[in-house]
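In UniProt numbering, the protein residues as written are 1 to 191.
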């Protein structure tokens, strides 16, 4: 349980923050950008849930994902150490990635095959989930940039972000009346 007695600390007024390890870093540091984009994804899921209350199955899924995104944020905010004991730090697990894959498959099995690209539109829930998907893809790109900059990120965290965006895509399709309310791309329609 985390207790926050004061919301403002004034410690970030100079453009710095602290990682979970206590290490001070710039608020523009690659690691902060990565877990910040995860936080944005979580906020988008919160907005999507405004529109999924009537669908208990989808809303329950999104509620669990929101909690897992806090786990992912903690994972990214805590740079791994070589001497880190297994389970000493909250990390995303391969089991969580496998669950996402099973959920993608289960949702996708209920949908008609795609015959065209779809626009991020349709029902309010679907549009909100498409927005969450695009922000999640940005979080994935930020995490990859972090790795490319020589930082360590758990492989499970990277896989989780990739599968999550796929899950949000099929969830958006499901929220579009199981594909019946999808808006299809019309190639070259405005030429």
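Where a beta carbon is used, it is the ideal one built from N, C-alpha and C, also for glycine. This one's a predicted model, so the numbers in the text were calculated from it and none came from an experiment.
Segment limits, alpha helix (DSSP H) that includes residue i
{"i": "residue 145", "result": "124-148"}
{"i": "residue 187", "result": "Here residue 187 belongs to no alpha helix (DSSP H), and DSSP marks it neither H nor E."}
{"i": "residue 50", "result": "30-50"}
{"i": "residue 191", "result": "Taken as a continuous stretch (DSSP letters only), residue 191 belongs to no alpha helix (DSSP H), as it is neither H nor E."}
Per-residue burial, residue i [other beta carbons within 10 Å of its own, 16 or more giving buried]
{"i": "residue 109", "result": "exposed"}
{"i": "residue 57", "result": "exposed"}
Cβ shell of residue i (< 8 Å), same chain only, five flanking positions each side left out
{"i": "residue 194", "result": "No answer is possible for residue 194: it lies beyond the span of the chain, which begins at 1 and ends at 191."}
{"i": "residue 171", "result": "58, 61, 62, 107, 129"}
{"i": "residue 52", "result": "58, 59, 62, 125, 175"}
Collapsed DSSP secondary structure at residue i in the structure displayed
{"i": "residue 111", "result": "coil"}
{"i": "residue 76", "result": "helix"}
{"i": "residue 24", "result": "strand"}
{"i": "residue 90", "result": "coil"}
{"i": "residue 97", "result": "helix"}
Chain-order list of residues whose beta-carbon lies under 7 Å from that of residue i (same chain, five-residue window excluded)
{"i": "residue 93", "result": "156"}
{"i": "residue 204", "result": "The first residue shown for the chain is 1 and the last is 191, placing residue 204 beyond what the model contains."}
Contact set for residue i: own chain, Cβ-Cβ below 6 Å, skip 5 residues either direction
{"i": "residue 176", "result": "122, 123, 126, 182"}
Unbroken beta strand (DSSP E) run spanning residue i, endpoints
{"i": "residue 18", "result": "16-18"}
**Message:** Any contact between the stretch 35-49 and the stretch 110-117? By contact I mean 3 or more CB pairs, one from each, below 8 Å.
**Reply:** Between the stretch 35-49 and the stretch 110-117, the count of C-beta pairs closer than 8 Å stays below three; the two stretches do not touch.
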